[in-house]
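Each residue of the sequence shown is one higher than the one before, counting from 4 in the numbering used here. All C-beta atoms in this analysis are idealised placements derived from N, C-alpha and C, irrespective of residue type, glycine included. Below: the structure, in C-alpha cells.
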Amino acid sequence: MLHDYILILCFYIGLLLKKAQMKGENFIEELINALNPSEKRYVKLYLKRNTPESKDNNYLKLFLILEKNIDITDKEIIRQFPKKFTANQLSVTKFYLTNQILKALENFQYEKSKEQKIRSGLSHVSILFSKSMYDQSLKLCKKLHQAAIKNDLLFYQLEIKLWEAKILSKKVESKNPEAIIEKTFRDLNAISDSLNTYIKLQEIDYLILLQNQRGGLTRKPEEELKIKEWVKKVEASKTETLGSFKNEYLYHHILSLGYYQLQDTDKNFQHRKGLIELFDKYEEMKTTFADEYISTLNNFILVCGIQKKEEQFFDYLQILKSYTSNDRNLITKVLYTAYTQELLYYYNNKNYTAALELIPKIDTFLIEHEKGIPLSSKMLFMFLITGIYLGSGKKEKALEWNNRFLNYPDAEKIYDLYLYSRIFQIMIHFEMGNQILVNSLLKSIYRHLLQNERLYLFEKKLIAFLKNILKDNNKIKQYFLEMLNDIKTLKKDPYEKKAFQYFDFETWLSKKIELLN
C-alpha cells in the first residue's frame, strides 16, 4: 500500500513538474549551476553520445551556452541559434535538456547508489516474472534482499519480500509452498514494524532538524515545550526494539539534537557518544552511510569541545582528518568539517593567535571548493572569522568578512547566524566611530527583530545600550558597566543565556571598560 501510494505521488509530481517546465518555469539554470566539474564533464559526454548524428545537438549547444553564462536571457540565447529557432522551441529544448541532465546524473551516480542498483534489479525481477522465469526471478530477489539488508534499506526489503511471495505463489511444484509463503509474510510483518518505527522517527527527526536550521537555539517557551514532547516520544522507544541500524541512528540523532536545543550538555554528549558507538558496532556502515558517519564525528567533536574534553576532541578530530575515500565530494566534506571544528574550538577558547593562522588556509579552501560546501558551512566560516577578527580588535578585517557574509546570496536562510551578523555589523561600525551609520543600523535591526518576533530581552538591552552611548558620551563607562551587569544577569536566564552561544559579549564589554579606566 505504502509503495503504491509513493508511486502514485511520484507520478502526479512528475505531471505537475512537466506542466510547470513546459510553461517556462524551468529550473535548468539552477541545475547547471549546481553541477560540480566532474558532473559537467559527464553530462557533456552523455549529450554527445545520446544525440543522433543526423540531428543538430541543440541540447549540448544550449548546455554550453548556459554553462558559460548562467544569467543569459532567452532573447540572447535565441540569437545564438539558427534564425528559425523560436521562443517556444527554446522552452521545449530547456525542458528536454533538463531531463537529459537528470538522466546523465542518474547514470553518473549509479555505481555509488545502492538504491538505484536495487531499483534496477527489481525491474529485472519484474521482466523475468512476466516471462514465467520464476526460479531466476526468485534467485535475483534473494540477491537483492541481501543487498537491501546490508544497506539497511527497509522500503526495498519490503518490496523484495512482496515479490518473493508473489513468485512463490506461482511455484506450485515447490515443496510445502504454503509454509514458505507464511514465513515470507512473517518476515514482511517484522520489516513492516521496523518501517513504521522508521517513519515515526524520521518525521520527528525532520521536524527537529527544521527547528534547528531555521532559528538556531530556541528561545521561546512554547518551542522548548514542543522539543520536550518530541524527546519524550522518542525516549519511549528502546534501542533494542528498534529493529534496524537506521532506527537506532535516528533514535540517538533526535535525542542529541533535542538535548542540544534544551542545553542539556550531559545528555547531548551521551547520545552523540551513542552514535559513535553505533558506527563502531556496525563497522561496515561507516562506508555505507559515509555522510552520516562524517556528520556523527563532526557533532561528537563539537560536543567534546563544548565540554572541554580536550583529549577526546583532538583524538576524534584526527580520526576525522584521516578518513579516506575515492569520492571527492566526501573528502571535501571531511575537509570543511575538520576546518570548522578546529576554527570553532579556537573561537570558543579565544585562542585568536591560532585562529588567525588558520584563516588564510580556510579562505583558500572556500574559494577552491565553493560549490562543494553547503550554504550553512560557508556562512558559519564567515561568521566565525568575523567574530575572531572582532574579538582580536582587527576592525577592518572583521568588517570585510561580515560584509562577505551579509552580501552572500541566501545568507538570510541561515537565520540565527544572519541575525548575529547584523549585530556584529553594528558593533564593528560602533568601534570604527561611524555614529550616523550605527543609528541607521539600530533602527533597521529593531524593525527586523520586531517583524520576525526575535526581539528578546538581550536584544532590547543591547539596542538600548548602543543608543544611550550614542546620545551621551559623558556616561559611556556607566552604560558599559550597566550592560555588563545585565549580561551577567541574563546568563542566568534559561532562554536568554542562549544568545551568548554566538559571541562572548561579556569579554568584549570587559575589554572596553578596561580601556576606559
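key: Own chain, CB closer than 6 Å to residue 270, minus 5 neighbours either side, in chain order   = By one-based count along the sequence shown, residue 270 stands at place 267. Counting only Cβ-Cβ distances below 6 Å, and skipping sequence neighbours, we find 262.
message = Please report the distance separating the alpha-carbon of residue 403 from that of residue 501.
response = Stepping through the sequence shown from its first residue, residue 403 is reached at position 400. Stepping through the sequence shown from its first residue, residue 501 is reached at position 498. One C-alpha to the other measures close to 27 Å.
message = Quick check: what's the CA-CA separation for residue 388 versus residue 141?
response = For the purposes of this step, residue 388 is taken as residue 385 along the sequence shown, with counting starting at 1. For the purposes of this step, residue 141 is taken as residue 138 along the sequence shown, with counting starting at 1. Roughly 58 Å between the two C-alpha positions.
key: Simplified DSSP state of residue 435, which is helix, strand or coil   = Here residue 435 is taken as the residue at index 432 of the sequence shown, counted from 1. Residue 435: coil per DSSP, three-state reduction.
key: residue 192 (DSSP reduced to helix, strand or coil)   = Residue 192 sits at position 189 when you count from the first residue of the sequence shown. Residue 192: helix per DSSP, three-state reduction.
ask   = Could you check where the alpha helix (DSSP H) with residue 222 kicks off and where it finishes?
value = Here residue 222 refers to the residue found at position 219 of the sequence shown. Per DSSP, residue 222 belongs to no alpha helix (DSSP H) and is neither H nor E.
query = Can you give the Cα-Cα distance for residue 312 and residue 157, rounded to whole angstroms?
reply = In the sequence shown, counting from the first residue as 1, residue 312 sits at position 309. In the sequence shown, counting from the first residue as 1, residue 157 sits at position 154. Straight-line Cα distance between these residues: approximately 37 Å.
request  = With a cut-off of 8 Å on the beta carbons, I'd call residue 171 and residue 184 a contact; round off their distance for me.
outcome  = What you label residue 171 is simply residue 168 of the sequence shown in a count that begins at 1. What you label residue 184 is simply residue 181 of the sequence shown in a count that begins at 1. The Cβ separation is near 5 Å, so the contact holds.
Under the three-state DSSP convention, the category residue 176 falls into = In the sequence shown, counting from the first residue as 1, residue 176 sits at position 173. Residue 176: coil per DSSP, three-state reduction.
message = So the candidates are 310, 315, 211; which of them puts its Cα closest to the Cα of residue 279?
response = For the purposes of this step, residue 279 is identified with residue 276 of the sequence shown, where counting begins at 1. Measuring from the Cα of residue 279, the nearest candidate turns out to be 315.
query = Does the region 375–382 come within contact of the region 332–344, defined as at least 3 CB pairs closer than 8 Å?
reply = yes
message = Give me the residue from 81, 48, 105, 96 with the minimum Cα distance to residue 37.
response = Taking the sequence shown and counting its residues from 1, one reaches residue 37 at position 34. Measuring from the Cα of residue 37, the nearest candidate turns out to be 105.
key: C-alpha distance - residue 405 paired with residue 511, whole-angstrom precision   = Position 402 of the sequence shown, counting from 1, holds the residue named residue 405. Position 508 of the sequence shown, counting from 1, holds the residue named residue 511. Near 17 Å, if we compare the C-alpha coordinates of residue 511 and residue 405.
Within 8 Å, strictly: CB atoms of residue 265 and residue 295 = Start at 1 with the first residue of the sequence shown, and residue 265 comes out as number 262. Start at 1 with the first residue of the sequence shown, and residue 295 comes out as number 292. No; because the gap between Cβ atoms is not below 8 Å, this pair is not in contact.
message = My output table needs one value for residue 136: the three-state DSSP class, helix, strand or coil.
response = Here the question's residue 136 lines up with position 133 in the sequence shown. Residue 136: coil per DSSP, three-state reduction.
key: Length of the line joining the Cα atoms of residue 326 and residue 319   = Within the sequence shown, residue 326 is the residue found at index 323, counting from 1. Within the sequence shown, residue 319 is the residue found at index 316, counting from 1. Near 11 Å, if we compare the C-alpha coordinates of residue 319 and residue 326.
inquiry  = Suppose the cutoff is 7 Å on Cβ atoms and the five residues either side in sequence are ignored; what does the same chain contact list for residue 555 look like?
reply    = This structure cannot speak to residue 555, because the chain is shown only from 4 to 520.
Residue 138 to residue 153 span [Cα, whole Å] = Residue 138 sits at position 135 when you count from the first residue of the sequence shown. Residue 153 sits at position 150 when you count from the first residue of the sequence shown. Those two C-alpha atoms are separated by around 23 Å.
inquiry  = Buried or exposed for residue 133, going by 16 or more other Cβ atoms inside 10 Å?
reply    = The residue you call residue 133 lines up with position 130 of the sequence shown. When all chains shown are included, residue 133 counts as exposed.
request  = Compute the distance between the beta-carbons of residue 466 and residue 487, then report whether it is under 8 Å.
outcome  = Stepping through the sequence shown from its first residue, residue 466 is reached at position 463. Stepping through the sequence shown from its first residue, residue 487 is reached at position 484. Taking 8 Å as the Cβ cut-off, residue 466 and residue 487 do not qualify as a contacting pair.
ask   = Should residue 97 go down as buried or exposed, given a rule of 16 or more other Cβ atoms within 10 Å for buried?
value = The sequence position of residue 97 within the sequence shown is 94, counting from 1. Per the 10 Å Cβ criterion, buried.
ask   = What residue does the alpha helix (DSSP H) around residue 366 start on, and which one ends it?
value = Here residue 366 refers to the residue found at position 363 of the sequence shown. Element bounds for residue 366: 355–371.
inquiry  = Please state whether the Cβ-Cβ distance between residue 66 and residue 48 is less than 8 Å.
reply    = On the sequence shown, position 63 is the one that residue 66 refers to. On the sequence shown, position 45 is the one that residue 48 refers to. Against a cut-off of 8 Å, the Cβ pair of residue 48 and residue 66 comes out as no contact.
query = Are the region 474–482 and the region 203–210 in contact at 8 Å, needing three or more beta carbon pairs?
reply = no
ask   = What do you get for residue 350, buried or exposed, if any count of 16 or more other CB atoms within 10 angstroms of its CB means buried?
value = As a working note, residue 350 is residue 347 in the sequence shown. Result: buried.
ask   = From 491, 89, 161, pick the residue whose C-alpha is nearest to that of residue 503; which is it?
value = By 1-based counting over the sequence shown, the position of residue 503 is 500. Considering only alpha carbons, the answer is 491.
query = Based on Cα-Cα distance, which residue from 195, 224, 237 lies nearest to residue 210?
reply = The residue you call residue 210 lines up with position 207 of the sequence shown. If we check each option's Cα against that of residue 210, 237 comes out closest.
query = When the Cα atoms are used, what is the spatial distance from residue 39 to residue 519?
reply = The residue given as residue 39 occupies position 36 in the sequence shown. The residue given as residue 519 occupies position 516 in the sequence shown. Those two C-alpha atoms are separated by around 52 Å.
task = State the CB to CB distance for the pair residue 201 and residue 247, rounded to an integer number of angstroms; the pair is presumed to be in contact (CB under 8 Å).
result = Looking up residue 201 in the sequence shown gives position 198. Looking up residue 247 in the sequence shown gives position 244. Indeed they touch by this definition, with Cβ atoms about 7 Å apart.
Limits of the alpha helix (DSSP H) - the one that residue 508 falls within = Position 505 of the sequence shown, counting from 1, holds the residue named residue 508. First-last of the alpha helix (DSSP H) with residue 508: 508–519.
key: Residues near residue 197 by beta carbon distance below 8 Å, same chain, minus five either side   = Counted from its first residue, the sequence shown places residue 197 at position 194. For residue 197, where only same-chain residues beyond five positions count, the Cβ hits under 8 Å are 157, 245, 246, 247, 250.
ask   = For residue 31 versus residue 108, is the C-beta distance shorter than 8 Å?
value = As a first step, residue 31 must be located in the sequence shown, where it is residue number 28. As a first step, residue 108 must be located in the sequence shown, where it is residue number 105. For residue 31 and residue 108, no; Cβs fall outside 8 Å.
Enclosing alpha helix (DSSP H) for residue 44 [first to last residue] = For this step, residue 44 is matched to residue 41 along the sequence shown. From DSSP, the alpha helix (DSSP H) with residue 44 extends over 40–52.
query = Can you tell me whether residue 193 is buried or exposed, with buried defined as 16 or more other CB within 10 angstroms of its CB?
reply = Against the sequence shown, residue 193 aligns to sequence position 190. Exposed: under 16 other Cβ atoms inside 10 Å.
Sequence-distant residues of its chain with Cβ nearer than 7 Å to residue 431 (five each side left out) = For this step, residue 431 is matched to residue 428 along the sequence shown. Only 393, 398, 401, 402, 405 meet the Cβ criterion.
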